[in-house]
Structures are given as C-alpha cells and as structure tokens.
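Peer 1: Sharing a structure with you now.
Numbering (UniProt numbering), first residue to last: 1 to 177.
Put into structure tokens, the structure is as follows:
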C-alpha cells in the first residue's frame, strides 16, 4: 500500500484563512473612511437619505432659475493660474494650484442674491475642514484668501441658497503641489 499525500485540504484551509484575513483588513480599513463624514449636502447622512428626493427637487429648481458655471477661473497671487491640469481616471481633469500661495476662485453666475455655505475639505478626512468666505459681485461668485497648506487633493463644497425651495449643491476639486 502506497502513502499518497494530498495537499488540497491544506489549500482549502489556507484559502478560508486568507478570506477571513481579507475581511478583517477590509473592516479595519473602512473604519478610516466612514460614510457619515461626507459633508457634500452639509447635513447628517441619515437626514440626506430620508430627504434625498426633496434635495433633488431643490437642486433642480436652483438649476432652472440660475446659471452657475462650475469651471472656476483660478488666480494665484493675483495672476491667472498657469499650472497644467492633472488628468484622473475616467477622463476627469482637475486643476493644479501652488501650495502655500494665495488662491482665488471665480465662478460665473447670473445670481444676484445668494446665501452660501462653503467648506474646504480633504476627501479622506475632516481634520482640515475650514469654512470659507465669498463675495458675489458683477455676476461673479468669488472665493478669496484660499491658502492650501498641504499638498494633495482638496475639495470645496458649496451649498448655495436662493430661497427655501431653491438650493444648489456643488463640489469643486483641485490639487495642491
């Protein structure tokens, strides 16, 4: 009688162990990126989930009443931005600005009276969140005195309110180098 050794039971056990380790790592890694930290709608995610249809109706009303060009003109220390934009996946293009310089963003709009909440944030953490100020003059929505102190990806999230039933939400991304 021959002793024929087979290793497939060890392979099955090793595969099960690897799957359990991958699940543990996924849970551990996802704790650093909780969904409730996304502040795009400036509200808790539970409220957004429960009132999403109303938010979309307010956004549609805002888009119908106002023109808001999401492609900003970028000035660095008073001069037009000369940096080449960075290409991302899915052909998304993101402007690149200089780190530790005074950046001004100018958006074209036909609105004359808006209330706005502006938040500068990094997409992976809320540690560096900062409220921003704006000016609305001559059909230009201006965000001034924007100083990005760290390199990497930044987001400016905007909640523009014309009335209780007309609210626009926009996100503008840029890279600091």
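Glycine included, C-beta positions come from ideal geometry on N, C-alpha and C. Note that the coordinates shown come from a computational prediction; the quantities given were computed from them, not determined experimentally.
Just checking my contact of residue 103 with residue 175 at CB under 8 Å: how many whole Å lie between their CB atoms?
Peer 2: Residue 103 to residue 175, Cβ: 12 Å. No contact.
Peer 1: Name the one or two DSSP bridge partners that residue 147 has.
Peer 2: Its beta-bridge partners are 102.
Peer 1: For residue 144, which residues of its own chain have a beta-carbon under 6 Å away from its beta-carbon, when the five flanking residues on both sides are left out?
Peer 2: Excluding sequence neighbours, residue 144 sits near 104.
Peer 1: Would you say the segment 106-125 touches the segment 157-171, given that touching needs at least three Cβ pairs under 8 Å?
Peer 2: Touching, yes, given that three or more Cβ pairs across the two stretches are closer than 8 Å.
Peer 1: Going by DSSP, name the residue or residues bridged to residue 10.
Peer 2: DSSP lists no partner for residue 10.
Peer 1: So the beta strand (DSSP E) residue 129 belongs to, where does it begin and stop?
Peer 2: Per DSSP, residue 129 belongs to the beta strand (DSSP E) from 125-131.
Peer 1: Going by C-alpha to C-alpha distance, which of 111, 169, 101, 132 sits closest to residue 148?
Peer 2: Of the listed residues, the one whose Cα sits closest to residue 148 is 101.
Peer 1: Looking only at its chain, what residues have a beta carbon closer than 6 Å to the beta carbon of residue 86, apart from the 5 residues adjacent to it on each side?
Peer 2: Only 94, 96, 175 meet the Cβ criterion.
Peer 1: Rounding to the nearest angstrom, what Cα-Cα distance links residue 6 and residue 51 in this structure?
Peer 2: About 58 Å.
Peer 1: What three-state label does DSSP hand residue 59 in the structure shown?
Peer 2: Three-state result, residue 59: helix.
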